[in-house]
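Reading through the structure tokens given below for one structure.
Here it is as structure tokens:
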């Protein structure tokens, strides 16, 4: 269950692709624009993300209380690793994972192996352009923020607001720039270069910027949640945005 092979294969591939950074800068287009994605690659990438996320998903699920909630959307959740971890921790919770069909193929396989998998449902589509069905108490948005531009993330946050129940929560996990000059941590800045390689508009963003987007989207109660040191993903921080309760 703790096999990490597909993630190591992905890291090996990306190591060689970094040698093309000069080419990407010169052309002005990321690698994914030059090499169209295949279904096989998306499935392989989803397995890699599952292997990368197994341990942090367990750690996050242990520390984020969802006892008061009944429905969760894992938006852009790929293999559903986090959704399944939340389901295992919360026996009354039901979750939906939304992503591309090839990623959901992996999620279904993992759900079949999980005792909580019967409480996971699936929604195929590009959530940036397609409607998001249903309403939810919690939306989990993990390692998705950095794929999109500020304008796209604001647009997504506004869509999330419309599907959250009153008092609902948006939980964002990513790598965040922390200092006023947006130079730290180093890992977040290096990852921004990675986004230059692999995405059209992706980047890493500051906590301040993300909270401003939440405010503009109507998720007016935002805060930073700190996980136990050495647990979770990246620097062990989440940003939460809440929809106010109906009066």
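In my numbering, the protein residues as written are 281 to 527.
Quick reminder that beta carbons are idealized off the backbone N, C-alpha and C, glycines included.
- Per DSSP, reduced to three states, the secondary structure at residue 346 is coil, with no helix or strand assignment.
- Annotation for residue 367: 373, 375, 396 and 399 place their beta carbon closer than 6 Å to its own, counting only its chain and skipping 5 residues before and after.
- If you look at residue 452, you'll find it in the beta strand (DSSP E) that goes 444-453.
- In the DSSP assignment, residue 298 falls outside any alpha helix (DSSP H), carrying neither H nor E.
- Beta bridge pairing from DSSP links residue 400 with 375.
- Taken through DSSP and simplified to helix, strand or coil, residue 523 comes out as coil.
- The closest CA to that of residue 353, considering only 364, 324 and 502, is found on 364.
- In this structure, the beta-carbon distance from residue 421 to residue 355 falls below 9 Å.
- Contact check for residue 482 and residue 428: beta-carbon distance about 6 Å, within the 8 Å limit, so the pair qualifies.
- Taking C-beta atoms under 8 Å as the contact rule, residue 517 and residue 456 qualify, at a distance of about 6 Å.
- Residues 343 and 516 of the same chain have their beta carbon placed closer than 6 Å to that of residue 507, with the five preceding and five following residues left out of the count.
- Contact between the stretch 374-392 and the stretch 441-455 is absent: fewer than three C-beta pairs spanning the two stretches fall below 8 Å.
- In this structure, 362 is the residue among 426, 362 and 331 with its C-alpha nearest to the C-alpha of residue 346.
- Counting C-beta atoms within 10 angstroms of its own C-beta, residue 369 has 16 or more neighbours from the protein chains shown and is therefore classed as buried.
- DSSP places residue 501 inside the beta strand (DSSP E), whose first and last residues are 501-506.
- DSSP places residue 413 in the coil class of the three-state scheme, outside both helix and strand.
- The beta carbons of residue 449 and residue 520 sit closer together than 9 Å.
- Annotation for residue 447: 525 place their beta carbon closer than 6 Å to its own, counting only its chain and skipping 5 residues before and after.
- Less than 9 Å separates the beta-carbon of residue 382 from that of residue 319.
- Comparing alpha carbon positions, the residue from 493, 468 and 323 closest to residue 441 is 493.
- Taking the Cα of residue 378 as reference, the smallest distance to any Cα among 413, 348 and 349 is reached at 413.
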